[in-house]
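Peer 1:
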Amino acid sequence: MKLRWFQYLAVISIALLLAGGAQTSRRPRYGGTLRVEIGAVVHSLDPAGASTDLGEAAARDEIGTLLYDQRNPDGTFAGVAGSGAFHIAAWELGKHLTLTANENYRAGRAFLDSIDIEMGRSAKDRLLDLEVGKTDFAEIPPEEAQRASERGVRVSTSKPQELVALVFVAGRPAAENPRAREALARSIDRAAIVNFILQKEGEPAGGLLPQWSNGTAFLFSTSTDAAGAKVLWSQIAASPRIVLGYDSGDSLGQAIAERIAVTARDAGIELAVEPIASPAPSRPNYDARLVRMPMTSTHPREALASFQAALVQVAGLDAVGLPVGASSEQIYERERSIVSGYRVVPLVWLPRVYGLGVRVRDWKVPAAGEGWPFADVWLEQESQ
Amino acid sequence: MRPPRRILPSIVRSILAVSLFAFAASATVAQTPGELPHAWSEAVYTLAEKIAAALGSSHSFVLEVNEVSTVGAIDPASIRKTLEDDIALRGARFVASGADAQVQVTISQNLAGFVLVAEIRRQDGQQVAVVPVASTDELPPQPGPEPGIQRKIIWQQAVPILDFVQVPADSRRTLWYFLEPDRLVAYEFDDGAQVLRDAQPVSRRYTSRDMRGHLVAADAMHVSAFLAGMRCDASWNPSLSVECRENAGQQWPMGTVSWTSSPARNYFQGSITFSNDLQAKFPPFFSSASPSPETTGLSSSRRIVAGLDGQTELFVGSAEPASNFDGWGSDLVSIASGCGSAWQVLVTGSGDWTEKDQIQLYEIRDRGAVAIGEPVELTGPILALWAGEDGKSARVISRNLESGLYEASMVSVSCSN
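These protein sequences, in sequence, are chains A and B.
As numbered in the numbering used here, residues 1 to 384 make up the first sequence, in order.
As numbered in the numbering used here, residues 1001 to 1417 make up the second sequence, in order.
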């Protein structure tokens, strides 16, 4: 393999850092600017502002966790911007944001002096900048994790915490046909999605919670049953044509949808794949859509409740809550009752993947529902 | 002031912590079939009840036990044996084949800990039962003493510890003081058993994300805490009283000298004040060590400083460093091990707080440092390393990355090794 000039540069800088034993330290050091690149273009930092762009909403939420001290139980931020570990120093709408450490932060001043966030950077550019040391932190699409690692990028991966699911849209003819729903669900080859599309950076999902959360995910089947799907589909008198939508701009969603279409057709199911424009039409012209749902909590009851709330409207699920202190058994039963109707078909669990620069220290992968832990991060080779 | 209170239930936990090594030897994970730890036994009992109820009119069953947990916490054969017996007591009969029902039990793990999951399949349907296994107070096995350096864990807790001291009150009673970010906690042990506990808040002028604190014991009944711009004097007689005031000069006594702290940060400013009020100036540092003239015969003008830039430098009576040592962590202490007359220091490892740490013994010979023996490995980062009151040991605060608990331990050097 022939390295390009910037790859040599990255290798040399990593080697120099590792060789410089005298520069290593364990106790955190103050100072420095963390350079961050994100793909989203954030137009407003108002946490109450609505956004139809999921990437923008997620980025705004991450920034919010740096600016605000606390969250309300409903997930909104409490207090005023700047009460958190950082406050806004410069803000170029949709392009660039500079945050500086809040000297009076209740939990102690962050180790970093400031954070520079550059917006609208494509995944390819983020990866390249990580390789040449032009940035210290960037999220990497899960399907790119292996490649990033092979190219020498320091990669940090969370537990699976984002569910990709196929959700039938309540009221649509195909969605109201239980046999059609079950046939499509049975035809899906989750292993192929994980192995080929996600490059093994994910897990097949049969339930609505990952195994680490409630400990019962193994009870849900994730295997494909093309023969069963074929039989079920053949039993439908007038076989409907199913239209599967995915968010336009979500390349991973598109790849997964197209893979589903391939295995569906193998089972004789007529399935078309279409992008869903943003904002989504008020009267959907698709029967099912792919949704990506990040876990909002590590706790199984809270995580399931938030998934359920998100799915009530689109899938027409019953909004039955789980009691406080619900047991693992009750949570499993609720999961089972949701997925057994095939209105919601869990597909895969995705981790969050982060690319880190060589000088980033004390990085801990955020758990589900947590933001970037930049208040605890510090930089090697920065003066105090 | 709060009166001292007797806390019988927590004595169990404290004794567990203090006598960790006794437990560590027995806290192995392997059991012979039929011998289950209490929490597992309770969970199996509950699961057997649920399975028996689910079997209903089915009188015979086949049982399979497997595990999806990545941690081999328990022997599935033990679970199976106990479960068979417990279900049999409730009237159902285990058979090898031709049963009315199939029971598949899986040892799984969730956010809270281990769970036992049973899938009961009968001809007329399927049922799932999930029973959590209560977390136990049993502590994980700890590594044994390492050659050269010996580490003894004496306390574990979920709340961060900044420093601790142990002071004997008389031949039977010992007092332990633990400094936490918001309070000072005192424990009294009589003949090894905890009899009293009290805690009082300490005030802070500043908050740091890497808060440091230091305890100095005048005697068993009087300790002073230094943290976050404050000095808190505490007395125990037999309840704990604490008075805090601003530490105007930010001086922290360290044996015969004092260091000037940067109270809103995690380091010291670099000036070291001697008992005769003379001051020496060094670069700002995380920690510093000087030889004991009594044991080494060396002048106290020799000093090692672990600087903020990751450089650890040796100063010998000059403002310019005589040498520097590579690969050292940010905390170090001198230790008078009694093994030879050389100046010896204990040094933490490099890396960051997401990684395991180590303590290495070095001898400072002339202007160089020689590693002595093998380092002692810890299960997480060392957050504080302070010289023991006797100079022959060191107090270590670390965080166990597996359990998340903060551990207080004493480190000493064994000559025989």
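Beta carbons are placed, not taken as given, at the ideal position from N, Cα and C, and that holds for glycine.
Using a Cβ-Cβ cut-off of 8 Å (strictly less than) and excluding sequence neighbours within five positions of residue 76 of chain A, which residues of its own chain qualify?
Peer 2: Sequence index remark: in the first sequence, residue 76 of chain A carries index 76 (1-based). The answer, listed in chain order, is 47 and 48.
Peer 1: Could you give the residue range of the alpha helix (DSSP H) that holds residue 35 of chain A?
Peer 2: Residue 35 of chain A sits at position 35 when you count from the first residue of the first sequence. No alpha helix (DSSP H) contains residue 35 of chain A, which is instead part of the beta strand (DSSP E) from 33-37.
Peer 1: Roughly how many angstroms lie between the CA atoms of residue 78 of chain A and residue 139 of chain A, to the nearest whole one?
Peer 2: Walking along the first sequence from the start, residue 78 of chain A turns up at place 78. Walking along the first sequence from the start, residue 139 of chain A turns up at place 139. For residue 78 of chain A and residue 139 of chain A, the distance between alpha carbons rounds to 26 Å.
Peer 1: Just to confirm, is the Cβ distance from residue 295 of chain A to residue 305 of chain A under 9 Å?
Peer 2: Against the first sequence, residue 295 of chain A aligns to sequence position 295. Against the first sequence, residue 305 of chain A aligns to sequence position 305. It is not a contact, given that the beta carbons lie outside the stated cut-off.
Peer 1: Using a beta-carbon distance below 9 Å, is residue 1286 of chain B in contact with chain A?
Peer 2: As a working note, residue 1286 of chain B is residue 286 in the second sequence. By this cut-off, residue 1286 of chain B is an interface position.
Peer 1: Taking the CB atoms as reference points, tell me whether residue 308 of chain A and residue 319 of chain A lie closer together than 9 Å.
Peer 2: Your numbering for residue 308 of chain A matches position 308 in the first sequence. Your numbering for residue 319 of chain A matches position 319 in the first sequence. The answer is yes: Cβ separation under 9 Å.
Peer 1: Can you pull out the residues from the stretch 1077-1109 of chain B whose beta carbon lies closer than 7 Å to at least one beta carbon of chain A?
Peer 2: The residues in question are 1106, 1108 and 1109.
Peer 1: Could you tell me the alpha carbon to alpha carbon distance between residue 1145 of chain B and residue 1377 of chain B, rounded to whole angstroms?
Peer 2: By one-based count along the second sequence, residue 1145 of chain B stands at place 145. By one-based count along the second sequence, residue 1377 of chain B stands at place 377. Residue placement at residue 1145 of chain B cannot be trusted, given a pLDDT of 38 that sits under 50; the coordinates are not used to answer.
Peer 1: Does the beta-carbon of residue 257 of chain A have 16 or more other beta-carbons within 10 angstroms, so that it is buried, or is it exposed?
Peer 2: Counting from 1 along the first sequence, the entry for residue 257 of chain A is found at position 257. By the 10 Å Cβ count, residue 257 of chain A comes out buried.
Peer 1: Which residues in the same chain have their Cβ closer than 6 Å to the Cβ of residue 1315 of chain B, if we skip the five residues on either side of it in sequence?
Peer 2: Working through the second sequence from its first residue, we reach residue 1315 of chain B at position 315. Excluding positions up to five away in sequence, the list reads 1303 and 1321.
Peer 1: Step through the CB atoms of chain B and report whether any lies within less than 9 Å of the CB of residue 298 of chain A.
Peer 2: Working through the first sequence from its first residue, we reach residue 298 of chain A at position 298. By this cut-off, residue 298 of chain A is an interface position.
Peer 1: Can you pull the chain A residues whose beta carbon is under 9 Å from the beta carbon of residue 1264 of chain B, in chain order?
Peer 2: Here the question's residue 1264 of chain B lines up with position 264 in the second sequence. Ordered by position in chain A, the residues that pass the 9 Å Cβ test against residue 1264 of chain B are 103, 108 and 109.
Peer 1: Between residue 182 of chain A and residue 1107 of chain B, what straight-line distance do the alpha-carbon atoms span, to the nearest angstrom?
Peer 2: Position 182 of the first sequence, counted from the first residue, corresponds to residue 182 of chain A. Position 107 of the second sequence, counted from the first residue, corresponds to residue 1107 of chain B. Taking the straight line from one Cα to the other gives about 30 Å.
Peer 1: Expressed to the nearest angstrom, what Euclidean distance is found between the alpha-carbon atoms of residue 1032 of chain B and residue 1078 of chain B?
Peer 2: As a position in the second sequence, residue 1032 of chain B is number 32, starting the count at 1. As a position in the second sequence, residue 1078 of chain B is number 78, starting the count at 1. Low confidence applies to residue 1032 of chain B: its pLDDT is 45, below 50, so where it sits in the model is not reliable enough to give any reading.
Peer 1: Tell me residue 203 of chain A's beta-bridge partners as DSSP assigns them.
Peer 2: Residue numbering aside, residue 203 of chain A sits at position 203 when the first sequence is read from its first letter. Answer is A/349, bridged to residue 203 of chain A.
Peer 1: List in chain order: all unbroken beta strand (DSSP E) runs of 3+ residues lying wholly within the stretch 1322-1370 of chain B.
Peer 2: Qualifying beta strand (DSSP E) stretches, in chain order: 1323-1325, 1332-1334, 1343-1348 and 1358-1365.
Peer 1: Do residue 177 of chain A and residue 236 of chain A come within 9 Å of each other at the CB atom, strictly closer than that value?
Peer 2: In the first sequence, the residue the question calls residue 236 of chain A occupies position 236. In the first sequence, the residue the question calls residue 177 of chain A occupies position 177. A contact, by the Cβ cut-off of 9 Å.
Peer 1: Assuming residue 355 of chain A contacts residue 153 of chain A (C-beta within less than 8 Å), just tell me the rounded distance between them.
Peer 2: Position 355 of the first sequence, counted from the first residue, corresponds to residue 355 of chain A. Position 153 of the first sequence, counted from the first residue, corresponds to residue 153 of chain A. Yes, residue 355 of chain A and residue 153 of chain A are in contact; Cβ-Cβ is about 5 Å, under 8 Å.
Peer 1: Assign residue 212 of chain A to one of three DSSP states: helix, strand, or coil.
Peer 2: On the first sequence, residue 212 of chain A is found 212 positions in, with the first residue counted as 1. Looking at residue 212 of chain A - three-state DSSP - the assignment turns out to be helix.
Peer 1: If we cut at 9 Å on Cβ distances, does residue 305 of chain A have a partner in chain B?
Peer 2: Mapped onto the first sequence, residue 305 of chain A falls at position 305. It does not; no Cβ of chain B falls within 9 Å.
Peer 1: Applying the 10 Å Cβ sphere with the 16-neighbour rule, what's the burial state of residue 80 of chain A?
Peer 2: Here residue 80 of chain A corresponds to residue number 80 of the first sequence, with the count starting at 1. That one is exposed.
Peer 1: Return no unless some Cβ of chain A is closer than 9 Å to the Cβ of residue 1348 of chain B.
Peer 2: Within the second sequence, residue 1348 of chain B is the residue found at index 348, counting from 1. So, interface residue.
Peer 1: In whole angstroms, give me the CA-to-CA distance for residue 1240 of chain B and residue 1175 of chain B.
Peer 2: Translated into the one-based positions of the second sequence, residue 1240 of chain B becomes position 240. Translated into the one-based positions of the second sequence, residue 1175 of chain B becomes position 175. Those two C-alpha atoms are separated by around 11 Å.
Peer 1: Kindly indicate which three-state DSSP category residue 1042 of chain B falls into: helix, strand or coil?
Peer 2: For this step, residue 1042 of chain B is matched to residue 42 along the second sequence. Of the three classes helix, strand and coil, the one that applies to residue 1042 of chain B here is helix, per DSSP.
Peer 1: Give a yes or no on whether the minimum CB-CB distance between residue 1405 of chain B and chain A is below 9 Å.
Peer 2: The residue given as residue 1405 of chain B occupies position 405 in the second sequence. Cβ-Cβ to chain A under 9 Å: no for residue 1405 of chain B.
Peer 1: Closest to residue 1330 of chain B by CA distance: which of B/1347, B/1133, B/1051 and B/1324 is it?
Peer 2: Mapped onto the second sequence, residue 1330 of chain B falls at position 330. Of the listed residues, the one whose Cα sits closest to residue 1330 of chain B is B/1347.
Peer 1: Measuring only between beta-carbons, confirm whether residue 215 of chain A sits less than 9 Å from chain B.
Peer 2: Residue 215 of chain A sits at position 215 when you count from the first residue of the first sequence. By this cut-off, residue 215 of chain A is an interface position.
Peer 1: Rounded to whole angstroms, how far is the Cβ of residue 947 of chain B from the Cβ of residue 1350 of chain B, which I believe are closer than 8 Å?
Peer 2: Chain B is shown from 1001 up to 1417; residue 947 of chain B falls before or after that span and cannot be answered.
Peer 1: So, using beta-carbon positions, are residue 208 of chain A and residue 245 of chain A closer together than 9 Å?
Peer 2: Locating residue 208 of chain A in the first sequence gives position 208, where the first residue counts as 1. Locating residue 245 of chain A in the first sequence gives position 245, where the first residue counts as 1. Contact: no.
Peer 1: Establish whether the CB of residue 364 of chain A and some CB of chain B are separated by less than 9 Å.
Peer 2: To locate residue 364 of chain A, count along the first sequence from 1; it is residue 364. True, the Cβ-Cβ gap to chain B drops below 9 Å.
Peer 1: Is residue 236 of chain A helix, strand or coil by DSSP?
Peer 2: Position 236 of the first sequence, counted from the start, is the residue given in the question as residue 236 of chain A. In the structure shown, residue 236 of chain A sits in coil (DSSP, three-state: anything other than H, G, I, E or B).
Peer 1: Using the beta-carbon of each residue, which ones in chain A are nearer than 8 Å to residue 1067 of chain B?
Peer 2: Your numbering for residue 1067 of chain B matches position 67 in the second sequence. None at all; the shortest Cβ gap to chain A is about 10 Å.
Peer 1: When the Cα atoms are used, what is the spatial distance from residue 215 of chain A to residue 367 of chain A?
Peer 2: As a first step, residue 215 of chain A must be located in the first sequence, where it is residue number 215. As a first step, residue 367 of chain A must be located in the first sequence, where it is residue number 367. Taking the straight line joining both Cα atoms gives about 17 Å.
Peer 1: Quick check on the DSSP output: the alpha helix (DSSP H) that includes residue 197 of chain A runs from which residue to which?
Peer 2: Here residue 197 of chain A refers to the residue found at position 197 when the first sequence is read from its first residue. It is not in any alpha helix (DSSP H) - residue 197 of chain A carries neither H nor E in the DSSP assignment.
Peer 1: Where does residue 381 of chain A fall in DSSP's three states?
Peer 2: Position 381 of the first sequence, counting from 1, holds the residue named residue 381 of chain A. The answer is coil: DSSP assigns residue 381 of chain A none of H, G, I, E or B.
Peer 1: What are the uninterrupted segments assigned as beta strand (DSSP E) that are 3 or more residues long and contained completely in the stretch 1231-1283 of chain B, given in chain order?
Peer 2: Entirely contained in the stretch 1231-1283 of chain B, the beta strand (DSSP E) runs reaching 3 residues are, in chain order, 1240-1246, 1251-1254, 1257-1261, 1268-1274 and 1279-1281.
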